[in-house]
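Protein sequences, first through last, are from chains F and L. Residue 38 is where the first sequence starts when you use the working numbering, and the numbers rise one by one after that. Residue 38 is where the second sequence starts when you use the working numbering, and the numbers rise one by one after that. Glycine residues also receive a C-beta, built at the ideal position from the N, C-alpha and C atoms. Keep in mind the model is a prediction, meaning the values are calculated, not measured.
There are 2 protein chains.
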Amino acid sequence: MTQKLVPVGVSARHIHLSEEHVAILFGEGYELTEAKALSQPGQYAANETVAVIGPKSSFPKVRILGPVRKATQLEVSRTDAFSIGVNPPVRESGDISGSTGITLKGPAGEVTIEEGVIVAARHIHFHTSDAEKWGIADKQKLKVRFGGDRGVVFEEVIARVSPDFALDMHIDTDEANAAGIKNGDTAEIVG
Amino acid sequence: MTQKLVPVGVSARHIHLSEEHVAILFGEGYELTEAKALSQPGQYAANETVAVIGPKSSFPKVRILGPVRKATQLEVSRTDAFSIGVNPPVRESGDISGSTGITLKGPAGEVTIEEGVIVAARHIHFHTSDAEKWGIADKQKLKVRFGGDRGVVFEEVIARVSPDFALDMHIDTDEANAAGIKNGDTAEIVG
C-alpha cells in the first residue's frame with residue numbers, strides 16, 4: 038500500500054483581521070501588504086503586525102496573515118496562552134463562537150474583541166484530488182505519525198478538503214516542539 | 038487485559054546542581070532548602086532559584102530540584118531552548134556528555150558550564166513491582182496514549198525501573214501542551 042505522506046507546516050502565533058479591525062488598528066482605508074506567500078493559495082504573511090495585550094503579559098508583534106477575513110481570529114499555542122494569561126479553546130479555524138476575547142493594539146488604534154482567540158486544532162489541507170486518491174473525506178479525523186527520538190502519533194487530525202487547498206498539515210509550535218518537527222518535515226497518515 | 042494506567046507529571050524547566058556549583062552560586066557551605074516534596078522519593082523542589090543566561094535571552098528564576106547531584110543539569114523544553122537561544126539534545130537524565138553549555142547566576146556568583154543543558158527524553162518511573170506486574174523491563178521503549186481533543190500517542194517513552202521509584206510518567210511542557218495534558222492526568226501504556 039502506498040504511504041500517505043504529507044508535508045508539515047508549523048504555525049507560530051498569528052492573527053487574521055477583519056476589514057473593520059484593520060481600519061481601527063491601522064486607519065480607515067488601510068490595506069495590508071504582502072511579505073510572503075503561504076502554502077495555501079492566496080494566503081500570505083503580511084508585513085504588518087499588531088500588539089496582543091493579555092491580562093498577564095503581551096506579545097508586542099504578532100504577525101498578521103492576509104487577506105482580511107469576515108471575523109478577526111488570533112491563533113496561539115497553549116504555551117503562548119499561559120504566557121499572556123488567557124485560556125482559549127481548541128477549535129477549528131473559523132469556529133470562534135464563544136471563544137476567548139483579547140485586546141489588540143495597532144499604530145492607529147486599539148480594539149478589544151469579545152471572542153476570536155483559539156488554539157488551532159491540528160488539521161490537514163487536502164486538494165480534492167489528493168483526498169480522492171487516498172479515500173479521505175472532508176472533516177474526517179485522521180491519525181498522523183512522525184517518528185524519531187520524540188516520535189508521536191497525532192490523533193484527531195481534521196481533514197479539510199477543497200479544490201482551493203494545497204496538501205499541507207498544520208500544527209502549532211507546541212506540537213512541533215513536542216515531536217521534534219521542523220517546518221517542511223514529512224509526516225505519515227496512519228489511520 | 039488490564040489497562041496499564043500511569044499518572045503524568047508535567048516538568049517545567051528546572052535545574053539540578055552539583056555541590057560545587059551550589060557553593061559557587063550560593064556561597065561555600067550553603068545547603069538547599071526544601072519547598073515541596075516531588076513524586077519520586079527523596080526528591081524535592083527547593084526554595085532557591087538561579088538565573089539562566091542564554092545567548093539570546095535569560096530566565097531570571099529557574100527552580101532548583103534537590104538534593105544535589107554529581108553533575109549540574111538544566112532541563113528545558115524546546116520552546117524554552119529557542120527562547121534563550123540554545124539547541125540542546127534530547128537526552129535521558131544523567132546523559133549529559135557533549136550536551137549544551139550555559140551560564141548560571143546565583144546570589145553569590147556565576148558559573149558557565151560546558152555541558153549539562155538537555156531537553157529531557159520522556160520517560161516513566163516504575164517501581165520494580167509495577168514493572169514486574171506489567172512485564173516491563175528497564176530501558177524498554179514504550180508507547181503511551183492520552184486521548185481527548187488533542188489526543189496523542191507518545192512513542193519512545195523510556196521505562197526506568199527501580200525499587201526507589203514511584204510510578205509516574207514525566208513529560209515536559211511542550212509535550213503536555215501539545216496533548217492537552219495537565220499535571221496529574223492519567224495516560225495509558227498501549228505498546
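ask   = Per DSSP, what kind of secondary structure is T137 (chain L) in: helix, strand or coil?
value = Taking the first residue of the second sequence as 1, we reach residue 137 (chain L) at position 100. Note: T137 (chain L) maps to strand in three-state DSSP.
request  = Give me the Cα-Cα distance between L111 (chain F) and A196 (chain F), rounded to the nearest whole angstrom.
outcome  = Here residue 111 (chain F) corresponds to residue number 74 of the first sequence, with the count starting at 1. Here residue 196 (chain F) corresponds to residue number 159 of the first sequence, with the count starting at 1. Distance between the alpha carbons of L111 (chain F) and A196 (chain F): 21 Å.
message = Please list, in chain order, the chain L residues whose beta carbon lies closer than 7 Å to that of T210 (chain F).
response = For the purposes of this step, residue 210 (chain F) is identified with residue 173 of the first sequence, where counting begins at 1. The contacting residues are T116.
query = Does any CB atom of chain F fall closer than 8 Å to the CB of D186 (chain L)?
reply = Here residue 186 (chain L) refers to the residue found at position 149 when the second sequence is read from its first residue. With 8 Å as the cut-off, D186 (chain L) counts as an interface residue toward chain F.
ask   = Would you call the CB atoms of V43 (chain L) and A213 (chain L) closer than 8 Å?
value = Your numbering for residue 43 (chain L) matches position 6 in the second sequence. Your numbering for residue 213 (chain L) matches position 176 in the second sequence. Contact: no.
query = Looking at C-beta atoms only, is the number of pairs between the stretch 135–151 of chain F and the stretch 175–189 of chain F that lie closer than 8 Å three or more?
reply = no
key: Segment limits, beta strand (DSSP E) that includes V59 (chain F)   = Numbered from its first residue, the first sequence carries residue 59 (chain F) at position 22. Run containing V59 (chain F): none in the beta strand (DSSP E); it sits in the alpha helix (DSSP H), 56–63.
task = Taking all protein chains shown into account, decide if A118 (chain F) is buried (16 or more other Cβ within 10 angstroms of its Cβ) or exposed.
result = In the first sequence, residue 118 (chain F) corresponds to position 81, counting from 1. Buried.
key: Segment contact flag, the stretch 98–107 of chain F with the stretch 81–88 of chain F, C-beta cutoff 8 Å, min 3 pairs   = yes
task = Measure from the alpha carbon of S130 (chain F) to the alpha carbon of each residue in F:P200, F:L62, F:A157, then state which is nearest.
result = Within the first sequence, the letter at position 93 stands for residue 130 (chain F). Checking every option, the nearest Cα to that of S130 (chain F) belongs to F:A157.
inquiry  = Closer than 9 Å between beta carbons: that is the criterion. Which residues of the stretch 212–224 of chain L meet it against chain F?
reply    = E212, A213, N214, A215, A216, G217
task = Would you please verify whether the beta carbon of E192 (chain L) is less than 8 Å from any beta carbon of chain F?
result = Position 155 of the second sequence, counted from the start, is the residue given in the question as residue 192 (chain L). Chain F, which has a Cβ nearer than 8 Å to the Cβ of E192 (chain L), makes this yes.
inquiry  = Check whether chain L comes within 8 Å of V59 (chain F), counting only Cβ atoms and requiring the distance to be less than that.
reply    = Taking the first residue of the first sequence as 1, we reach residue 59 (chain F) at position 22. No, V59 (chain F) lies away from the interface with chain L (no Cβ there is under 8 Å from its Cβ).
ask   = Using the C-alpha atoms, what's the distance from V194 (chain F) back to G188 (chain F)?
value = On the first sequence, residue 188 (chain F) is found 151 positions in, with the first residue counted as 1. On the first sequence, residue 194 (chain F) is found 157 positions in, with the first residue counted as 1. C-alpha separation (whole angstroms): 16 Å.
inquiry  = Does the contact criterion of 3 or more C-beta pairs under 8 Å hold for the stretch 121–138 of chain F versus the stretch 149–156 of chain F?
reply    = yes
query = Relative to the C-alpha of K66 (chain L), which residue among L:A74, L:E56, L:L75, L:K73 is closest?
reply = Numbered from its first residue, the second sequence carries residue 66 (chain L) at position 29. In the sequence as displayed, the identity of residue 66 (chain L) is Gly instead of Lys. It is L:E56.
query = Can you tell which of L:G146, L:D186, L:M206 has the C-alpha that lies nearest to the C-alpha of D167 (chain L)?
reply = Taking the first residue of the second sequence as position 1, residue 167 (chain L) is located at position 130. Among L:G146, L:D186, L:M206, the Cα nearest to that of D167 (chain L) belongs to L:M206.
key: Contacts that V127 (chain L) makes with chain F (C-beta to C-beta distance below 8 Å)   = The sequence position of residue 127 (chain L) within the second sequence is 90, counting from 1. Near V127 (chain L) (Cβ distances below 8 Å), the residues of chain F are D186, R187, G217.
query = For Q40 (chain L), which residues of its own chain have a beta-carbon under 8 Å away from its beta-carbon, when the five flanking residues on both sides are left out?
reply = Counting from 1 along the second sequence, the entry for residue 40 (chain L) is found at position 3. Counting only Cβ-Cβ distances below 8 Å, and skipping sequence neighbours, we find E225.
inquiry  = Taking its Cβ as the centre, do 16 or more other Cβ atoms sit within 10 Å of V45 (chain L), making it buried, or is it exposed?
reply    = As a position in the second sequence, residue 45 (chain L) is number 8, starting the count at 1. Buried, by the Cβ-count rule.
query = From I218 (chain F) to T116 (chain L), what does the alpha carbon distance come to, in whole angstroms?
reply = One-based indexing of the first sequence puts residue 218 (chain F) at position 181. One-based indexing of the second sequence puts residue 116 (chain L) at position 79. Cα-Cα distance, rounded: 12 Å.
Exposure label - D132 (chain L); buried when at least 16 CB within 10 Å = The residue labelled residue 132 (chain L) in the question sits at position 95 within the second sequence. Label assigned to D132 (chain L): exposed.
request  = Quick one: using the 10 Å Cβ neighbour count with 16 as the cut-off for buried, is V227 (chain F) buried or exposed?
outcome  = In the first sequence, counting from the first residue as 1, residue 227 (chain F) sits at position 190. Under this definition V227 (chain F) is an exposed residue.
key: Which listed residue (L:T223, L:T165, L:V123) has its alpha carbon closest to that of P200 (chain L)   = Numbered from 1 along the second sequence, position 163 holds the residue referred to as residue 200 (chain L). Of the candidates L:T223, L:T165, L:V123, the one whose C-alpha sits nearest the C-alpha of P200 (chain L) is L:T165.
ask   = Just the Cα atoms here: how many angstroms apart are R50 (chain F) and I61 (chain L)?
value = Sequence index remark: in the first sequence, residue 50 (chain F) carries index 13 (1-based). Sequence index remark: in the second sequence, residue 61 (chain L) carries index 24 (1-based). Cα-Cα distance, rounded: 40 Å.
query = Fully enclosed by the stretch 106–189 of chain F, which alpha helix (DSSP H) runs are 4 residues long or longer?
reply = 115–121, 165–171
request  = With D211 (chain F) as the anchor, note down where its alpha helix (DSSP H) starts and where it stops.
outcome  = What you label residue 211 (chain F) is simply residue 174 of the first sequence in a count that begins at 1. First-last of the alpha helix (DSSP H) with D211 (chain F): 210–216.
request  = Report the partner residues of Y81 (chain L) according to the DSSP bridge assignment.
outcome  = Here residue 81 (chain L) corresponds to residue number 44 of the second sequence, with the count starting at 1. Looking at the DSSP assignment, Y81 (chain L) forms a beta bridge with L:A74, L:G103.
query = Roughly how many angstroms lie between the CA atoms of L69 (chain L) and K107 (chain L), to the nearest whole one?
reply = Numbered from its first residue, the second sequence carries residue 69 (chain L) at position 32. Numbered from its first residue, the second sequence carries residue 107 (chain L) at position 70. So the two alpha carbons sit approximately 15 Å from each other.
query = Would the C-beta of G46 (chain L) count as close to the ligand FAD, meaning under 7 Å from any of its heavy atoms?
reply = Ligands are entirely absent from the displayed structure, and the ligand FAD is therefore not among its contents.
Option nearest V59 (chain L) by Cα separation, candidates L:A88, L:V181, L:L179 = Translated into positions along the second sequence, residue 59 (chain L) becomes position 22. Nearest C-alpha to V59 (chain L): L:A88.
inquiry  = Our contact map puts V113 (chain L) next to P125 (chain L) with C-beta atoms below 8 Å; I'd like the distance itself, whole angstroms only.
reply    = Translated into positions along the second sequence, residue 113 (chain L) becomes position 76. Translated into positions along the second sequence, residue 125 (chain L) becomes position 88. So it is a contact: roughly 7 Å between Cβ atoms.
Status (buried if at least 16 other CB within 10 Å, exposed otherwise) for E147 (chain F) = The residue you call residue 147 (chain F) lines up with position 110 of the first sequence. Burial call: exposed.
key: Among L:V198, L:A215, L:H160, L:G184, the one whose alpha carbon lies nearest that of D186 (chain F)   = One-based indexing of the first sequence puts residue 186 (chain F) at position 149. The residue with the shortest Cα to Cα distance from D186 (chain F) is L:H160.
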